[in-house]
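S.K.: Using our numbering, the letters of the sequence shown map in sequence onto residues 203 to 311. Beta carbons are placed, not taken as given, at the ideal position from N, Cα and C, and that holds for glycine.
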Amino acid sequence: MTATPELSTPRTATPDLFRSVFRRHAAGVAVITARGGGAGGRPVGFTATSLNSVAAEPPLVSFGVATSSSSWPVIAEAEHLGVHILGDHQEELAATFARSGADRFAPPT
203 MTATPELSTP RTATPDLFRS VFRRHAAGVA VITARGGGAG GRPVGFTATS LNSVAAEPPL
263 VSFGVATSSS SWPVIAEAEH LGVHILGDHQ EELAATFARS GADRFAPPT
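1) According to DSSP, simplified to helix, strand and coil, what is THR298?
2) Helix, strand or coil, according to DSSP, for PRO245 in the structure here?
3) Rounded to the nearest angstrom, what separates ALA250 and ALA232 at their Cα positions?
4) Quick check on this structure: which residue in PRO310, GLY284, LEU288, ALA300 has the alpha carbon closest to the alpha carbon of HIS227?
5) Since ARG237 sits in a beta bridge, which residues does DSSP pair it with?
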């Protein structure tokens, strides 16, 4: 995963790109990330195994997250979320973000 230069700038997928991505994303596994509020807000993230396409216009997805998750308070308040759709070769990344207590943003992510 690479760092986004400016997390506060939302990037919306076009409907065609959105459909294309979900046609190729059979597994439904993604990493969901967000940055906490304020200038020093800490990033949070988790592996979602329930990512679904809801609508292409506007692009809308759904996923499940437990309210007991350590990421939940930040996710619930975030204005923007990052949805990182994973490929077959990214099992280790999915496992890192699924592991409780892991430093999810430490190198080599």
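M.R.: Let me spell this out:
1) In the sequence shown, the residue the question calls residue 298 occupies position 96. Assignment of THR298 by DSSP, reduced to helix, strand and coil, places it in the helix class.
2) For the purposes of this step, residue 245 is identified with residue 43 of the sequence shown, where counting begins at 1. Of the three classes helix, strand and coil, the one that applies to PRO245 here is strand, per DSSP.
3) Within the sequence shown, numbered from 1, the residue matching residue 250 stands at position 48. Within the sequence shown, numbered from 1, the residue matching residue 232 stands at position 30. Roughly 5 Å separates the two Cα atoms.
4) Numbered from 1 along the sequence shown, position 25 holds the residue referred to as residue 227. Scanning PRO310, GLY284, LEU288, ALA300 for the CA closest to the CA of HIS227 turns up LEU288.
5) Translated into the one-based positions of the sequence shown, residue 237 becomes position 35. DSSP lists PRO245 as the beta-bridge partner residues of ARG237.
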